[in-house]
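Chains C and F, in that order, give the protein sequences.
With the numbering used here, letter number 277 in the first sequence gets 277, and the count goes up by one each step, no holes.
With the numbering used here, letter number 71 in the second sequence gets 1315, and the count goes up by one each step, no holes.
Following: one structure in structure tokens, then a few remarks.
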Amino acid sequence: MALKIVKGSIDRMFDKNLQDLVRGIRNHKEDEAKYISTCIDEIKQELKQDNIAVKANAVCKLTYLQMLGYDVSWAAFNIVEVMSSSKFTYKRIGYLAASQCFHESTDVIMLTTNQIRKDLSSPNQYDTGVALTGLSCFVTPDLARDLANDIMTLMSHTKPYIRKKAVLIMYKVFLKYPESLRPAFPRLKEKLEDPDPGVQSAAVNVICELARRNPKNYLSLAPLFFKLMTSSTNNWVLIKIIKLFGALTPLEPRLGKKLIEPLTNLIHSTSAMSLLYECVNTVIAVLISLSSGMPNHSASIQLCVQKLRILIEDSDQNLKYLGLLAMSKILKTHPKSVQSHKDLILQCLDDKDESIRLRALDLLYGMVSKKNLMEIVKKLMLHVDKAEGTTYRDELLTKIIDICSQSNYQYITNFEWYISILVELTRLEGTRHGHLIASQMLDVAIRVKAIRAFAVAQMATLLDNAHLLTGNMQRNGICEVLYAAAWICGEFSEHLENPIQTLEAMLRPKVATLPGHIQAVYVQNAAKLFATVLKGQEGNTDSTAAQETSQLMIDRLPLFVQSANLEVQERASCILQLVKYIQKLQQKDVEVAEEVSALFAGELNPVAPKAQKKVPVPEGLDLDAWINEPPSESESEDEQPKAIFAKEEPKHSRPRHTEVDEKELARRREARKQEQANNPFYIKASPSSQKVYQDTPGVEHIPVVQIDLSVPLKVPGMPMSDQYVKLEEERRQKERAEKKKKEKKKRKEKRSGRGKKQDSGPESEEDITPAHMVDIVTEEMPENALPSDDDDKDPNDPHKALDIDLDKPLADSEKLPVRSHRAAESLKSPAEDGDVESAAIHAPKKKNGKEKREKKKDKDSDRKKSKEEKKKKKHKHEEKEEDLLGGQAEEPAVQSEETNEVAAPPTSTSAEEAPTVAAAEAAPVPKVASGTAPNSEPDEPKDTEMEETKSSKHKKKKQKKEKEEKEKKKKKKHHHHHHHSDGGGEESVQNGTVEDEEPLPPMSNYCLLAENSYIKMMMEDADQVCDIQGNLQDGSQVVVSVIFENKCDSFLKSMEFNVLDSLNSKLQRPEGSGPHDGLTVPFQLPPGVSNEARFVFTVQSIVMPQKLKGTLTFIVKNEDSSTHEKLDFKLHFTCTSYLITTPCYSDAFAKLLESGDLKGSSVRLEGVNMPFHHLLARICFHHHFSVVERIDSCASMYSRSIQGHHVCLLVKTSGQTVSIDAKCDEPTLLGNVLDEIKQTFSQC
Amino acid sequence: MIKAILIFNNHGKPRLIRFYQYFAEDMQQQIIRETFHLVSKRDDNVCNFLEGGSLIGGSDYKLIYRHYATLYFVFCVDSSESELGILDLIQVFVETLDKCFENVCELDLIFHMDKVHYILQEVVMGGMVLETNMNEIVAQVEVQNRMEKSEVSDVKQGL
């Protein structure tokens, strides 16, 4: 063994360390990937070695490779090994690697619970610190639940270094395990006043994070924070507190009033810009919250805005950015005060810094007015042209649309201008917002009736030039606008100047390359256009034109009938048949136009987005009730295709509003004439030019009217929309002039000076009248819509679970789960009675890194199932605990667990589940009245063993072995054996390797203690726990778990458990009771119910097995009578029960054997015919040993007694003979243990 | 909360990455590339705040970075952190590195990534600021380094 250590160290000298690896990578720049792959192979070899130093070095290198993007999760198990090293150096490497690559679905995390708990309670504060740091990165809900209590204890650690880390990590624990918030909160609050500033800062940090999401629950802390704010000198703490107040003030205006003064003081006194800025920010928040109630705070707002202006004008770009950021907060409530700084903000739009431009864009939203909208948008359009990155350009695009469409197009006075802006935006290449533009086009065309003619003309041109847009076919690309264009042209086709041309454009073969949903709209709207065309043509004398149109449809539609898109196909074939029919009628000279247009008649109004949601449910309608029998689950797949169609809403109802508003027409004509007159570039169209199609090179020069000149309309630097800006200005001027005239007239009449002010001042908002009498159709809502405005909070937000009332007194049921043995140790605090379940849930499966993938998957899904069950069960536990704690205050030595077998879900034994799974669940197993083998959880203790085998050489450290609540199926005739043996194979575990052999049969340590016709007692092989304070010599305790099961039909109550103490072993009784008093069992048993209680014994000498006589007295109560009964039993404490599974490394083991302090003994077992690994597993499980090393048919094992005796075994097998050579520093103990082992195997 | 801390050089080579929220390795590399792309094209005299990283976070998150000689130090934070505060924190972190490595340069970070991590662990824990006092940070780092040294010498004596 010693040689091995030396050998390992020599190996290490030749290993690459991290620096060598980095150097190597830098020297292999050309074939880096190849070099790294050889390094990974080396690392794999190193990880196979036993030497922990080599492993740690390998893991350290892996951490580096992880940074370069290599997945190192395959080494997760090795990382756990390194984490459990006793040396700080290695432990730190392990935890670092874990924090870099572990995450919630890393399954080995389950194995770390005990290791982390051990590290958390390490006497070395840096072990604890490293564990806390690591845990903060990979904490899972399971870890959070299991360790919450340990961490909470650390919040009161003597070292501030640990305290601050423990406080900080609590936030992560709360997120993963919200139930811990209430029990932990009082202590967290205490830490706000911790003497150490670091701890205080951490507590403030955590509470601020919590309060940010659910501020109302933390209002009660305001006075405390106020005190801190005025007393603290730590800027970090101050910033956090001030930010927190910013979140609290909107909820409590009185708080705001108090804040103003200290905040202004801070603003004046501090030299830290960061603090100053946060103060200004919070003052703004305060003022906003105040001014909603009181109007006379506008002066203060102005003051803030002035200060921010100074920031924005600062040469420091950071301050400029932050100034704009804060400004946008004011904008929401006080747009007017910000508007006066429009100049500054527009200036920021030209800043070279994109971050600043983006912030300025945000502000623009609130800056616009009817007066300046066109100007601002023009400026933005210039930026769009200049912008390089698509992100910023897309941002600009959405902002333009946001700004224009805000408050129902409130600021738009000229919709022709807006439509042309939208059309110009379609020039953007590679934008992801095609859909947004399209929906704007649709919205405007539908809701602004007056603009339809103009919109249709523009859209027709777009369709004509569709080839320019189809370059970008990706989803949400610019081709989406064709969807809108086609629909608008079809829907409002009566406005088309040349419908045939548009129809032709919509049926071009190239259309077939568009995305399916756009094609569908094309086809449908081609039909609408067709109807319009027919109507126009039938009036003529020449019927051939109409027939030609039908022929065009019949020629082109088959292309769409072949489409791969179902929607397109269906629509096309319907319409094709319709047109064929129409053609037949036409040949018979039947007039069809009227009827064809009737197909698309009907008014179409926009519907509010929430309309459907707001339809109240009629009385007596239960939406959740089944109308028919629920369908079987397998049918659910059929529902998917629906979603596909839902996207492409069919547009049926056709509004046919042919009555063109005469006035509107006149007005438009007027406007157009004016526009033409004002446009020097406008060339009047000759009447014959109409049908000439101009193949123009760009959409940008979309002409308003078709012209026959080859000179492009576009004037460089003067986009289309600009003419509208000009026009609009002129129109306004004219209006103003008219007004002035009127004013003058009035003034002449009145001769009063008041009019002067009006016309000398700048044009006010109200003066501007829109160019069109805009009739914005409002969205339709159901008649009796509910006014509710349920906000759409994300139900998956982890912070939602933390919305917990913290002021309510803590109920006992909310106590953090504590492992059961801990409760037994700290006898004075029954409140800590815990949730054993937590351990059970967490009970890690015995899984090694190298285990087959498949198995993992199976187990994972099983685990999920079992978790659910456990949750249910846990709930039950907590309820029970509440009364237990009430009734049990005087009997702290008694621990109880409820195991309600009757109520147990029968699923846990269902045939599909592997026995191990059923057992691992530790879920109650229903009674099966047959002689089946006992069924209990074999997984858990072995896990501990396996995990701890790797854990460390911590010989001197106490091991706390958890015990689980255990159940067993009844085996009636079984008496006083310690261990059940039940044939079948077992699985052996050995450092990191698993032989894939027969599954392990369930094992149990429960045995029948005594039974009579009323009651049955089953004792678990005593479970030992060392005293928490760690004095091994006199603090030894043994916990005995007894399951009481009521077998009769009566109610059992007033159970009292008493044991005759021996010199050596004593039952722990509550203080003040005599040595012969019994302990009340803290529950009653209804018929058929079983429950578990735990009793603690103090034991002095552990070298000999013990037998204790005891009596259980109880009252049997049925309907008419109650009788006193008693049951005698004998408790058998075996020497095995004093052993604790303790991991041991082979080198430490070797040293131990060499030390010569140990005395040897041996035993031979004959006729053992079970596989060797089963034999080992059995020794591990029943006798609390762990495997140190196994070589073929030989294994070394180790265990330690609660009083620190080392027990070493060398187990060899040949044929059916097993020889065990054992060494121990206490020969009597060894002899007894060996006898017990022998007995175990004699039974099988 | 701090969502991620990235250190990379002028060519985008990562020198330290620390995510406080899980991302798969390839995603991490993508984030590094995107962040580098965003940060590297910015002049030195523009502001140190940056929005628009699409891969990490979303609208509530922003990148706060500092550029020192050949290295970029980038913190990805949400709105609960003070922007100027984080800038100060980066300064504290870099000054701490400077003290611990004695005139830190990129090579120190290249060859001692683990040590940089250990220092960072004393500054930020699980995405929350743990300590901002440089002397305290340096003291804790040094104690731990001494422990490591004594353990190493133990091993040597054991041989």
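Using N, Cα and C, we set each Cβ at its ideal position, and we do this for glycine too.
Measuring straight from C-alpha to C-alpha, what distance separates residue i and residue j?
i, j, result
"F:Met1369", "C:Thr133", "6 Å"
"C:Ser1214", "F:Lys1393", "47 Å"
"C:His1182", "C:Leu1234", "12 Å"
"F:Phe1446", "C:Ile401", "Nothing about residue 1446 of chain F can be read from this structure; chain F reaches only from 1245 to 1403."
"C:Ser405", "C:His435", "15 Å"
"C:Ser1041", "C:Glu1092", "7 Å"
"C:His1132", "C:Tyr1145", "32 Å"
"C:Asp1157", "C:Tyr1138", "20 Å"
"F:Leu1351", "F:Asp1342", "12 Å"
"C:Met1197", "C:Leu47", "23 Å"
"F:Gly1329", "C:Ala387", "31 Å"
"C:Lys176", "F:Ile1308", "27 Å"
"C:Tyr70", "F:Asp1270", "8 Å"
So, at 6 Å on beta carbons, what are the nonlocal neighbours of residue i in its own chain, with the 5 sequence-adjacent residues on each side left out?
i, result
"C:Ile345", "Ala360 and Leu363"
"C:His799", "Arg213"
"C:Ala202", "Lys164, Val167 and Leu168"
"C:Cys137", "Ser99"
"C:Gly200", "Sequence inspection shows Gln at residue 200 of chain C; the Gly mentioned does not correspond to that position. Once the five neighbours on either side are set aside, the close Cβ partners of C:Gln200 are Asp194."
"C:Gln1100", "Asn1064"
"C:Thr696", "Confidence at C:Thr696 is low in this model, with a pLDDT of 39, below 50, so the placement of that residue is unreliable and no value is reported for it."
Only counting the same chain, and skipping five residues up and downstream in sequence, which positions put a Cβ closer than 8 Å to that of residue i?
i, result
"C:Ile162", "Gln125, Thr128, Gly129, Leu132 and Leu154"
"C:Val237", "Pro197, Gln200, Ser201, Val204 and Leu228"
"C:His28", "Lys34 and Tyr35"
Per DSSP, which residues does residue i bridge with? Please list them.
i, result
"C:Asp1221", "C:Ser1162 and C:Leu1210"
"C:Leu322", "Per DSSP, none; premise fails for C:Leu322."
"C:Lys1130", "C:Lys1109"
"F:Pro1258", "F:Phe1252"
"F:Ile1246", "F:Val1321"
"F:Phe1263", "F:Ala1248"
"F:Met1369", "F:Met1372"
Considering only C-alpha positions, which residue in the set the options is nearest to residue i?
i, options, result
"C:Phe1114", "C:Pro1105, C:Cys1144, C:Gly1078 and C:Gln1106", "C:Gly1078"
"C:Arg508", "C:Asp464, C:Asn205, C:Gly1074 and C:Ser271", "C:Asp464"
"F:Lys1306", "F:Thr1376, F:Met1245, F:Met1372 and F:Leu1374", "F:Met1245"
"C:Glu491", "C:Lys510, C:Leu1153, C:Val521 and C:Leu1230", "C:Val521"
"C:Ile151", "C:Ser369, C:Ile116 and C:Lys613", "C:Ile116"
"C:Val1163", "C:Lys1117, C:Leu1210, C:Cys1194 and C:Arg1178", "C:Leu1210"
"C:Gln440", "C:Lys399, C:His467 and C:Ala546", "C:Lys399"
"C:Arg182", "C:Ser1155, C:Asp803 and C:Pro1171", "C:Asp803"
"C:Lys320", "F:Ala1248, F:Thr1376, F:Lys1247 and F:Val1290", "F:Val1290"
"C:Asn1058", "C:Leu397, C:Glu1071, C:Lys1047 and C:Pro1075", "C:Pro1075"
"F:Phe1319", "F:Glu1339, F:Glu1380, F:Val1373 and F:Val1382", "F:Val1373"
Among residues of its own chain, excluding the 5 on either side of residue i, which ones have a beta-carbon nearer than 7 Å to its beta-carbon?
i, result
"C:Pro641", "Confidence at C:Pro641 is low in this model, with a pLDDT of 42, below 50, so the placement of that residue should be treated as unreliable; the coordinate-derived value is given next. Answer for C:Pro641: no residue qualifies."
"C:Gly256", "Thr249, Val286, Ser289 and Leu290"
"C:Arg92", "Val130"
"C:Val592", "Leu534, Ile582, Leu585 and Gln586"
"C:Glu1166", "Gln1216 and Thr1217"
Exercise for the section: Could you tell me whether the stretch 1278-1298 of chain F touches the stretch 104-115 of chain C, using the rule of 3 or more Cβ pairs below 8 Å? Expected result: Contact fails: fewer than three Cβ-Cβ distances are below 8 Å.
Handout entry: Cβ pair count under 8 Å reaching 3, the stretch 40-56 of chain C against the stretch 78-94 of chain C
Key = With a cut-off of 8 Å, the stretch 78-94 of chain C and the stretch 40-56 of chain C count as touching, because enough Cβ pairs lie within range.
Exercise for the section: Spell out a yes or no on whether the stretch 1110-1130 of chain C and the stretch 1168-1180 of chain C are touching, meaning 3 or more CB-CB pairs, one atom from each, closer than 8 Å. Expected result: no
Exercise for the section: Specify whether the stretch 440-451 of chain C and the stretch 416-425 of chain C touch according to this definition: at least 3 beta carbon pairs, one from each stretch, less than 8 Å apart. Expected result: yes
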